[in-house]
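Notes for the one structure printed next.
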C-alpha cells in the first residue's frame, strides 16, 4: 500500500516542501479498513494505513472524506488547531 503525498499535507508522515507550515497530527480508526481516505479532495490512503501512520495536517480547516463501495460516504470538516485530531469512523452499509 502506497501513501500519496499531498500538496500542503504530509500524507503518512511524508514531508513536502509546503509542509514547513505548522502541522497537527491526525489519527483515524474505524471500519471498513480498506475504505479510502481523502483530505481536501486528495487521496491519502486506506483507512487502516491512516489509523497506523497518521497524517500531519497543516493548521486550518480540512475536508476529511471516507468512502467504500457498498457504504454511505462519511464526510466532515475538521479544524486543525493546536491539539492532535482523533477521529472514529464507522461507515454504514447501504441496504439492498
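Numbering (our numbering), first residue to last: 2 to 97.
Ideal placement from N, C-alpha and C gives every residue a C-beta, glycine not left out.
Residues near residue i by beta carbon distance below 8 Å, same chain, minus five either side
i	result
residue 61	80 and 81
residue 24	11, 57, 58, 59, 60 and 81
residue 95	71, 72 and 73
residue 47	2, 34, 35, 36, 37 and 38
DSSP three-state assignment for residue i, whether helix, strand or coil
i	result
residue 49	helix
Span separating the alpha-carbon of residue i from that of residue j
i	j	result
residue 32	residue 68	10 Å
residue 64	residue 35	19 Å
residue 97	residue 78	29 Å
residue 90	residue 55	14 Å
residue 26	residue 92	22 Å
residue 85	residue 22	15 Å
For residue i: DSSP bridge partner residues
i	result
residue 62	80
residue 31	90
residue 43	40
residue 69	For residue 69, which the question treats as bridged, DSSP gives no partner whatsoever.
Same chain, Cβ closer than 6 Å to residue i, five either side skipped, listed in chain order
i	result
residue 66	39 and 76
Distance between beta carbons of residue j and residue i, contact taken as under 8 Å
i	j	result
residue 29	residue 52	6 Å
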